Each structure stands twice: as structure tokens, then as C-alpha cells.
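Protein chains: 2
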Amino acid sequence: MDAYVAPVEDYRFLLSQVLGFDLEMAELGSDLDTELAVSILDEAGKLCTEVLHPINQSGDEEGSRIVDGEVRTPAGFSNAYATFRDAGWPSLSADTAHGGQGLPFVLQLWLDEMLSASNLSFGLFPALTRGAAEAIAAHATDAVKSTYLSRMVSGEWTGVMALTESSAGSDLSLIKTKASPQADGSHTITGQKIFISSGDHDFGGNIIHLVLARLPDAPAGVSGISLFLVPKFLPDAAGACARRNTMAVGSLEHKMGIHAQPTCVMNYDEAIGWLVGEPNRGLAAMFTMMNAERLMVGMQGLGVAASAYQQAAVYAKGRSQGRGASAASGTVAIVEHVDVRRMLLDVRSFVEGGRALAGWVALQVDRARKHPDPDERTRADGFVALLTPVIKAAFTDMGFESAVQAQQVFGGHGYIREWGMEQLVRDARIAQIYEGTNGIQALDLVGRKLSMAGGTVVDAYFALIEGDLDRAADGSIAKNVVTALETLRGITVLLKGADPQTLGAAAVDYLRMFALVSLGWMWLRMECAAEQGSTPLDRAKIDIARYFATRVLPRVSGMAATLSSGPEPIMALPVDAF
Amino acid sequence: MDAYVAPVEDYRFLLSQVLGFDLEMAELGSDLDTELAVSILDEAGKLCTEVLHPINQSGDEEGSRIVDGEVRTPAGFSNAYATFRDAGWPSLSADTAHGGQGLPFVLQLWLDEMLSASNLSFGLFPALTRGAAEAIAAHATDAVKSTYLSRMVSGEWTGVMALTESSAGSDLSLIKTKASPQADGSHTITGQKIFISSGDHDFGGNIIHLVLARLPDAPAGVSGISLFLVPKFLPDAAGACARRNTMAVGSLEHKMGIHAQPTCVMNYDEAIGWLVGEPNRGLAAMFTMMNAERLMVGMQGLGVAASAYQQAAVYAKGRSQGRGASAASGTVAIVEHVDVRRMLLDVRSFVEGGRALAGWVALQVDRARKHPDPDERTRADGFVALLTPVIKAAFTDMGFESAVQAQQVFGGHGYIREWGMEQLVRDARIAQIYEGTNGIQALDLVGRKLSMAGGTVVDAYFALIEGDLDRAADGSIAKNVVTALETLRGITVLLKGADPQTLGAAAVDYLRMFALVSLGWMWLRMECAAEQGSTPLDRAKIDIARYFATRVLPRVSGMAATLSSGPEPIMALPVDAF
């Protein structure tokens with residue numbers, strides 16, 4: 001594969017010309033500016049290019065495996081993790097109160113993009129650690145925090161989330177793992193968990209599992225689930241990894257992709273753990289972790305698409321095949337063929353639109369955390385909650401489709417392992433499934449998020465888009481975005497207060513429409529910004545904005561036509577007839 | 001995985017209630033009837049269920065490999081091929097003049113569906129043999145035919161098509177393999193071919209390669225390519241495999257899927273071969289083979305989707321997760337959830353619609369071959385030519401999407417190898433690429449097929465659909481099909497006589513629209529037929545017809561909106577900016 005190129009110039013364009021980064025930072029009382037932010041992203045990009053991408057394909061071929069009961073990651077992973085950790089990347093956006101650098105979340109999310117683009121399997125290790133640390137920071141006792149938190153923030157120790165059991169996946173109410181209180185205030189945890197990403201590794205340090213389990217007196221269902229911190233090693237008073245806890249990797253899953261990532265079956269056999277948060281309120285504590293992870297998983301879709309685009313563009317410019325449009329021309333590079341360009345632009349218009357939208361949402365995360373005005377914090381928090389399922393599901397669906405499309409540019413070579421494109425497809429596929437399947441995300445959007453605060457959050461979001469539309473110049477893509485937004489709004493009105501089956505029948509199409517309109521909004525903002533400039537990047541943005549507006553956005557009309565038929569055609573067929 | 005169930009009752013429904021099989025056969029002078037046809041399909045289905053499906057997953061795990069310079073297929077494949085061959089399946093639809101059974105092509109295409117559903121890697125061996133035999137029958141000399149044809153028709157010997165070179169894929173004009181005439185009328189062939197499916201194996205018998213190469217005096221480009229028959233073993237006068245030809249497997253490709261299928265790099269080193277067809281007219285001869293293969297490849301998409309549907313439906317009925325729609329209900333099977341049903345019905349409405357359309361096209365193949373009226377033969381041949389790229393591209397795109405969708409029903413288990421769903425996704429992916437990428441198929445449809453016979457073929461096809469619409473009852477799905485057909489016709493008018501870039505910009509969306517309308521037409525016919533009956537199958541057809549009409553067909557409007565923007569938004573971005 002060609003080397004991964006970090007999209008640093010695109011980040012700069014977004015921060016300085018589109019997202020108003022410097023003003024945002026000033027509003028939040030930070031003196032960070034675009035130049036410093038870009039230099040940080042540039043450093044991260046170098047690490048991804050030089051350290052992580054070179055071991056992505058070999059990691060897939062070799063895979064993680066079990067040696068003497070412990071996970072051995074592929075060659076180079078342990079050293080790469082040490083480099084990543086020692087450079088301080090794990091603590092980038094963590095709260096300074098816990099030893100983090102407190103840098104804006106937009107840097108975190110774009111770092112996640114680059115990690116996913118260069119090595120998705122690797123990126124999961126720090127991402128899960130970060131999510132676990134956030135749950136601990138928000139819900140654990142001071143004693144637990146003082147032992148674990150700073151070591152996880154620094155990346156010295158890693159974190160894991162252990163939710164799923166063989167009979168409890170999307171439905172966590174069915175969890176059976178048991179917790180028994182001990183006299184010293186700890187608990188013993190007994191049960192089996194499956195699909196545990198990063199469940200074990202050979203990076204050194206401790207591995208901190210956050211495990212969902214039931215207390216003896218717990219009520220049935222979701223209101224009887226508690227969260228426990230279960231470390232691989234029980235630390236002594238000095239925090240050293242003193243004693244092995246009674247937990248073990250049962251086996252590694254053999255998967256379609258992310259072979260370098262050890263997906264463990266974990267057995268907890270009276271393992272010692274500590275309650276995190278209130279008894280029976282474990283699901284709420286776990287959702288602190290899940291929500292952070294969902295944005296990150298969206299970045300996995302985006303990152304793989306970005307990587308796939310780069311490879312496909314290089315291939316399309318270098319591969320000669322077929323004649324040009326004029327009869328006189330000889331063999332041309334396949335990028336000259338209109339259908340090849342269509343494939344490339346489908347991918348690129350998603351990638352750059354998605355990168356902008358992720359940046360905007362990440363700035364809302366910062367506003368929600370740090371804005372001096374509590375109303376602004378609430379408002380921003382609402383936008384983050386609204387957009388989280390959209391980013392998780394649409395970015396991973398479009399990310400997978402993009403990887404498939406980029407693979408198609410390679411023709412037969414795309415199907416051959418050595419070219420690396422089929423790995424991107426296999427790796428991207430998991431992101432549509434884990435951290436809540438994309439169907440679950442869509443139900444979250446239509447079932448919970450649309451009705452937040454009486455529907456005012458979604459109304460405020462649409463009003464934001466409308467504000468930019470009103471300001472847009474004639475001749476811009478605004479008219480295309482207006483059409484799509486009006487269609488989306490019409491469906492949104494129909495869905496307000498609809499019954500669960502109507503919502504369920506609309507969910508997946510609605511989420512995609514919502515994502516396309518949001519990407520269209522970002523393309524409008526990018527087009528307007530680029531009209532002020534004259535660099536090749538500015539001119540490219542204008543061309544791609546028009547591509548997105550005319551070739552991608554109109555699909556909204558077909559989705560609207562589909563979902564307005566309601567649930568009846570879906571529910572008519574009797575169960576036995578399936 | 002659960003056992004594969006051959007869709008025999010669906011075939012019976014289509015033959016007897018939808019496609020008018022008995023009348024068609026009578027018109028072609030055959031006394032074959034539905035009952036006999038179904039019993040043949042039933043036998044084929046048993047073989048697929050009992051012999052081929054059980055070695056599909058193990059074949060993927062083990063893969064084909066090279067031992068002492070020759071290909072060793074996975075355990076069970078050689079025995080399975082012997083069973084398949086000895087039962088006479090290779091000769092099913094071959095011309096009786098060449099030792100075939102001369103049975104209708106609809107049986108062949110549905111056999112292809114079942115082969116692909118149960119074991120795609122296996123199915124390629126007989127499919128390629130059949131295509132090669134057809135090219136030989138149509139173009140080779142009597143001497144060549146008498147040595148090779150009947151042995152290939154019986155499946156004693158297998159066939160291979162060797163087109164692609166590392167610099168010549170979609171663009172065969174760039175082929176470099178050389179042919180030198182010898183004094184005895186034979187030629188020596190020297191060069192390297194890649195991506196040669198079934199290039200070698202351990203099934204016994206000879207392996208007959210049809211190789212594209214250039215004669216010494218050949219003009220450049222496509223009009224300088226000739227076709228040669230190059231056998232692995234040079235037969236003696238009695239037809240025994242007497243002497244090894246100077247050709248060898250250089251290596252096997254490591255692929256995303258179809259691991260059991262040996263995809264060979266083939267080196268021909270002054271290998272002896274015989275010209276098939278006229279010098280420099282090799283591409284025309286090869287297209288005899290390609291066209292037959294393209295319908296078969298479409299069946300690969302359909303077959304994998306059918307298999308994936310079966311697995312997902314069983315899983316969805318057996319996996320309990322989440323609550324039902326009413327608050328009182330406990331945990332329910334996931335098939336009760338509206339979004340899971342949506343996924344299942346997307347797949348099933350494609351599978352059953354596609355099966356019907358394939359049956360209809362296959363009957364046109366028979367009419368083109370056997371109808372007593374030459375005008376009817378021409379008319380039917382036009383329909384086959386028109387629908388071939390549609391079936392190849394849309395069925396493999398929708399087949400892949402269906403496999404992905406069915407995998408999604410399994411949640412995390414779908415990503416784990418042992419469940420088998422991820423293999424279906426990996427295997428299905430190749431069908432979108434080989435035998436002419438789906439982009440090439442779309443260009444064939446808009447660039448060549450729409451303008452066949454001055455556009456009268458496509459007009460006649462639309463008129464056929466319109467005839468059924470006029471006859472349809474009120475309350476049927478006819479109104480949905482009318483809307484989609486009118487949209488398609490509008491775009492078709494716009495494309496007539498359009499320039500190549502406009503055609504290229506529209507091609508892929510247009511092909512999908514064409515496919516959806518065609519599937520809608522089949523669902524209309526199935527709905528009308530089912531309205532006459534009262535079995536559970538009849539009632540299910542009515543429900544699924546309505547699903548397709550309201551939840552799938554309306555996507556045509558979004559595609560129309562997209563493609564009517566023309567090529568400008570695709571071509572604006574300069575090459576350097578990609």
C-alpha cells in the first residue's frame with residue numbers, strides 16, 4: 001500500500017475557514033489557536049504514517065493469538081503502543097484534573113480518524129481506555145479513582161468494557177454475570193463475557209475491565225445491573241501490579257477483520273472487583289463510556305473511508321486502462337473515466353463532509369464541557385446527544401460503503417489481499433455492528449433523541465442549518481440543501497409522537513436522511529468558506545460541494561418516499577412465513 | 001450453519017403460476033412440464049444440500065493450495081465434483097448435438113443459483129467449463145470440437161477462460177501474450193495470465209484453457225486479439241491425456257474470499273494451442289463465453305443472498321433479545337422487531353423477485369435458441385442481451401448488499417467466522433468485480449444495449465411491462481410499478497443519443513433503476529398469480545410484493561434525481577486534485 005497521508009491541510013481549512021476554531025476557543029477561555037492545533041494534528045499524523053500504518057497489513061496477516069494463556073499481539077504492536085503512550089497521546093483530551101492535557105475534543109476526534117485510517121485494530125486500545133477512564137472519572141469512588149485514573153489517562157494502564165454475554169447483546173437486561181459483596185467492600189465477579197475488544201494484550205501495565213454484573217438482590221432487567229471495575233492485576237498500596245486477579249482469556253474470536261485486535265472471550269472466576277457508581281445503576285454509568293465510544297466508532301468509519309480514498313485515488317491516477325472520451329486519445333489513466341470519478345467522489349464527498357461534521361460536533365462537546373454559560377452548555381450537550389447516533393451509524397455505514405467503492409476502483413486487484421483494500425472492507429464492517437448496532441442507533445435517534453426537551457433540540461438544530469441557508473449566496477448549493485432539509489423536516493413532523501412501530505419502520509432511512517442533510521449543511525459551509533479563497537484546496541471544495549449536492553443529496557427523496565409507507569408493509573408477513 | 005434448503009416450492013410456483021412454463025415448452029416443441037422440471041430441480045437441490053453446502057465452510061477455512069506445482073483443492077471437493085459429474089449435471093442444458101441433455105436454460109440458471117447458494121467456489125468449476133464449451137461449440141474447427149467438446153459437456157474435462165493480464169483487465173486491448181504459428185497448424189502460446197479461476201485442480205481429467213493472445217502480424221488493439229485452446233494435457237489420438245503441455249500455475253492469489261476456488265497466475269511457455277474462430281476475432285469468440293458467464297455470475301449474487309436470507313431468518317426466529325411492541329410482553333425473538341424484519345424483507349424481496357426475473361430471462365434464452373419463428377428468436381435474443389448486464393451487475397450488487405444485511409441480523413455473531421455469515425459477504429464480493437466489473441456492465445447497458453435495433457428492444461421490453469400493468473387489478477402494486485416505470489422511461493428518453501460522458505455519468509444509477517423496475521414487474525406478476533391461490537406461499541407473495549413496492553421501489557426517484565444532474569459535477573474536479 002501507499003503511505004498514509006494525514007489530512008492536515010484539510011484540518012487547517014476546517015479550523016480556520018469553516019469552524020471558527022479560534023473564536024470558539026476564545027469563547028471557552030482557551031488561548032489555543034489554529035496554528036498550534038494544526039501542529040499537534042501534524043505530529044499525530046506523522047505517528048500514524050510512520051509507526052501505525054506500516055504495521056496495519058502485517059498485523060492483519062499475523063493476527064493476535066494466545067500464548068500460554070495470554071494474548072500476544074502481532075509484531076510491532078507492543079512497540080508502537082509504547083511510542084504512542086510515551087508521546088503522551090492517550091491523555092490528549094482528558095481532563096487536566098486527572099492528569100490529562102485538556103486539549104479540545106476536536107483534536108481527539110480527528111486523532112481518532114487518523115488512528116482508524118492508519119490502523120483500526122490498534123486504535124481500539126487507546127479508545128477503549130479513554131472511555132473506561134471517563135466512566136471511572138464520572139462514577140467511581142475517590143479511592144478507586146486515585147488508584148486507577150491517572151494511570152489510565154497516561155495510557156500506562158489500559159481499559160476494557162465488558163458488557164456482552166452470549167445471550168445478552170443488544171439486550172443487556174439479559175446479563176447473568178454475578179457479583180457478590182465481600183466484607184472489605186469489594187465484590188467477587190463470576191461469569192463469562194464475549195466480544196471483549198482489547199481484553200488482554202502484551203503492552204505491559206494493568207488491564208482494567210469495566211464489567212456489567214448483577215448483585216444478589218438485584219431486580220430483574222436493566223434496573224438490576226451494576227458496573228464493576230475488575231483489574232487484571234490487583235495493585236498493591238504503591239499501585240504496582242502485585243497479584244493476578246482470577247480472570248482469564250478463554251479464547252480469541254476468529255473474525256472477518258480487525259485480526260490484530262484481540263477480541264476475547266473473558267472468564268471471571270470470583271475475580272475481585274469494585275463497584276463503580278450506584279448499585280443497580282450500572283447501565284447509566286456504562287453509557288458514559290458508550291457515548292464517548294460511539295463518536296469514536298463513527299470516526300472508524302470515516303477513517304477507513306479516508307484511507308481507502310487515498311489508496312484508490314493514487315491507483316486511479318496510475319492505472320492506465322481504456323480510452324479517453326475523444327476518439328483520438330490513447331489509453332488513459334482510469335481516473336479519466338466518468339464512472340471511476342463517480343466512485344472516488346462518492347467516497348471523498350463523504351470523507352470531507354464527515355470530517356467537517358465530526359469537527360463541528362466535537363466543538364459542541366467542548367462547549368458542553370467548558371462554556372461559561374450554562375444555557376450554552378445545555379444547548380451544546382443536546383446537539384451532541386442528537387448527533388451521536390447519526391455519527392456512529394451513518395459514518396460507519398457510509399464508511400463501509402466507501403471502502404467497498406474504493407475497492408471496486410481497483411478491479412480484480414481490490415479482491416487480492418496484498419493490495420490491502422479488502423482488509424479495509426473487512427475491518428470497516430465491524431464498526432456497523434459494535435457499540436450498539438446501527439439499527440439500535442437509528443432507534444435511539446427516532447425514539448429518544450428527536451423527542452429530547454420536547455423536540456426543541458432537533459428544532460434548534462434545523463434552525464442552525466436554516467440560518468446558514470439564509471446567509472448563503474445565490475448560485476451556491478443552498479437550494480439543494482433547502483430541498484433536502486424541507487423533506488427531512490416534513491418527515492420529522494410526521495414522526496413526532498408516532499407509535500413505536502412507525503418509528504422503528506422509519507428509523508434507518510430517517511437516520512441516513514438526517515446524516516445526508518447534515519453533510520449537505522457542512523458542504524454548504526465549506527463552499528461558502530472556499531468562495532472567499534483561491535487556493536487549489538478552495539477550488540476543490542467548491543467542486544466537491546457541487547458533486548455532493550447534485551449526486552448524493554437527492555437520494556433523500558427516495559428515502560422519504562420509502563419510509564412514509566409506514567410499518568404495515570413490514571409487519572404484514574406472519575413470523576412463520578419468514 | 002443451518003442446512004441449505006433448496007427453494008423448490010418457489011421454483012414450482014414460478015413455473016406453474018407465473019412464467020407459464022408448460023405453455024412455453026409446448027411453444028418450443030418440448031413435452032417437458034412443470035412436474036418433471038421441479039423434480040429435476042429437487043434432485044439438484046438435494047445434491048447442493050447434502051454434498052456441496054457441507055464443504056463450503058471447511059473449504060473456506062482450508063483453501064486451495066499448491067502442492068508440487070499443482071493445485072490441491074480442499075478436502076471433499078474432488079469427491080464432490082465426481083458426484084456432480086457422474087450424476088450428469090454438467091450436461092444439463094448443453095445442446096444434444098454435443099452430448100448434452102438439451103434441457104431448458106431456466107433449469108440451468110436455477111441450478112446455478114443453488115450451486116452458488118450452497119458453495120460458490122465449487123460452482124465456478126462447472127460454470128467456466130460450460131462457458132468454454134459454448135465458445136468451442138460456436139467457433140472451433142470440427143477437429144477441435146471432436147477432441148474436446150463432448151468431454152467438456154460431460155464434465156470429464158473442465159474449462160477455463162484466460163483473459164486478464166497484469167496490465168490488461170477491463171481493457172483487453174492491452175493484452176501482450178504471444179501466439180506463434182507452427183508448421184502443423186497449431187500455435188505456441190507464451191505469456192502470463194492472472195486471475196484465472198479454476199486454472200488448475202485435482203479433479204482428474206484435462207483442463208482446457210481458452211487463452212487470448214496476439215498473432216505475430218496482429219494489428220494493435222482489440223482487433224488484433226485471437227482466441228486459442230490450450231489444454232493442460234495434449235491428448236493422443238484416442239483422447240487420452242498423453243503429454244503435459246508447457247504451462248504451469250505460477251502461484252495462487254490470496255483473496256478476500258472464495259478461498260476454495262484456485263485463482264491462478266498461469267504461465268504459458270511455448271504451450272501448444274489451437275486457434276478458435278478467426279484470427280484477430282478472438283474477442284468476439286470470447287464474448288460467447290462471457291455472455292453465458294454473466295448470467296451465471298448474476299446467479300452468484302442471487303444464490304448468496306438466498307443462502308444468507310435462510311440463515312438470517314432462522315437466526316431471527318431463534319434469537320431472543322429485546323421486548324415486544326406491547327409493554328406487557330417479555331423478551332421476544334428478534335424477528336418481532338420491525339427493523340429486523342425490514343432487513344430480512346429487503347433481502348427476501350430481492351431474492352424472490354430476482355429468482356423470477358432470472359427465470360423469465362432464462363425462458364427468453366430458450367426462445368432465442370429454439371423458437372420456430374425466427375422473429376420470435378430475434379425478439380427473445382434482444383431481451384437476453386438487454387437484461388444480461390442488468391442481471392450481472394444488479395444481482396451481484398444487491399446480492400452483496402443482501403449478504404451484508406443478513407450478516408447484520410446476527411449482530412456481533414455475524415462478524416465471527418464460525419457462524420458463516422462473513423464468508424458469504426467475502427464470497428459475494430467477487431461477483432461485483434469479475435466477468436466485467438459492474439461499472440462496465442452499466443456502460444454496456446447504456447452505451448450498447450439501449451440503442452440496440454434503434455432502441456426498439458428496450459421499447460418492446462417496456463411495452464411488455466406495460467401490458468401486464470394494464471391487465472393488473474385495482475388495489476395491486478401496479479400503481480407503484482407504473483410510477484417507477486414512468487420515471488425510468490423518462491430517463492431512457494433523455495439518454496437516447498446522449499454523449500458518452502452523459503451516458504457514463506448515468507450508467508450505474510440507471511442500471512439499478514432498470515433492475516428495480518424489472519423486479520417490480522416480476523412482483524406484480526407474482527402478486528397477480530398469488531391472488532388466484534390461497535396457500536401460505538400465495539399469501540406470503542402478496543405481502544412481500546407490497547413490501548417491495550412500497551419500501552424498495554420508491555428508491556428509483558432518488559436515483560433519477562441524482563443521475564439527471566449529468567456529468568458536469570463529476571468531471572469538474574481536475575485530475576491533480578484527486
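Top line first, the protein sequences correspond to chains A and B. Quick note on numbering: the first sequence equals residues 1 to 578 in full-length UniProt numbering. Quick note on numbering: the second sequence equals residues 1 to 578 in full-length UniProt numbering. Every residue gets a Cβ at the ideal spot worked out from N, C-alpha and C, and that includes glycine. None of the values given here were measured: they were computed from a predicted structure.
Residue range of the unbroken alpha helix (DSSP H) whose run includes residue i
| i | result |
| --- | --- |
| leucine 260(A) | It should be pointed out that residue 260(A) corresponds to alanine in this sequence rather than to leucine. Unbroken run through alanine 260(A): none, as it is neither H nor E. |
| leucine 174(A) | Leucine 174(A) -> no alpha helix (DSSP H), and no H or E assigned at all. |
| leucine 115(A) | 105-139 |
| isoleucine 440(B) | 438-444 |
| valine 458(A) | 456-471 |
| glutamate 43(B) | 34-47 |
| threonine 378(A) | 374-409 |
| phenylalanine 13(B) | 8-13 |
CB contact below 8 Å: residue i versus chain A
| i | result |
| --- | --- |
| methionine 559(B) | yes |
| histidine 254(B) | yes |
| arginine 551(B) | yes |
| glutamine 432(B) | yes |
| arginine 448(B) | no |
| arginine 417(B) | yes |
| valine 575(B) | yes |
| proline 374(B) | no |
| glycine 63(B) | no |
| serine 565(B) | yes |
| threonine 437(B) | yes |
| leucine 443(B) | yes |
| alanine 11(B) | According to the sequence displayed, residue 11(B) carries tyrosine and not alanine. By this cut-off, tyrosine 11(B) is not an interface position. |
8 Å Cβ cutoff, residue i in contact with chain B
| i | result |
| --- | --- |
| isoleucine 196(A) | no |
| leucine 174(A) | yes |
| methionine 571(A) | yes |
| serine 170(A) | yes |
| proline 262(A) | no |
| glutamate 422(A) | yes |
| phenylalanine 578(A) | yes |
| isoleucine 544(A) | yes |
Rounded distance between the beta-carbons of residue j and residue i, thought under 8 Å
| i | j | result |
| --- | --- | --- |
| proline 231(A) | asparagine 245(A) | 6 Å |
| valine 351(A) | alanine 306(A) | 5 Å |
| valine 425(B) | methionine 343(B) | The pair is not a contact, with the Cβ atoms about 14 Å apart (cut-off 8 Å). |
| residue 580(B) | leucine 229(B) | For chain B, the structure presents residues 1 to 578; residue 580(B) sits outside this window and is missing. |
| glutamine 321(B) | serine 170(A) | 5 Å |
| glycine 420(A) | glutamine 57(A) | 5 Å |
| leucine 210(A) | alanine 162(A) | 6 Å |
Extent of the continuous beta strand (DSSP E) run through residue i
| i | result |
| --- | --- |
| glutamine 423(A) | From DSSP, glutamine 423(A) is part of no beta strand (DSSP E) but of the alpha helix (DSSP H) over 421-431. |
| leucine 252(B) | 247-252 |
| cysteine 241(A) | 241-244 |
| glutamine 192(B) | 187-197 |
| glycine 159(A) | 158-162 |
| glutamine 321(A) | 320-323 |
Residue i CB to nearest heavy atom of the ligand GDP below 7 Å
| i | result |
| --- | --- |
| glutamine 101(B) | Judged by which ligands are present, the structure shown has none, so any question about the ligand GDP falls away. |
Contact list for the region 108-120 of chain A against chain B, Cβ threshold 8 Å
none
Just by C-beta distance, which residues in the region 342-354 of chain A are closer than 7 Å to chain B?
Arg342, Leu344, Leu345
To be precise: take each residue of the region 299-317 of chain A, compare its Cβ to all Cβ atoms of chain B, and keep it if any distance is under 8 Å. Which residues remain?
Ala313, Ala316, Lys317
Could you list the residues in the region 25-38 of chain A with a C-beta less than 8 Å from some C-beta on chain B, going in chain order?
none
What are the residues of the region 62-94 of chain A that lie near chain B, defined by any Cβ-Cβ distance shorter than 7 Å?
none
Against chain A: residues of the region 360-393 of chain B by CB proximity under 8 Å
none
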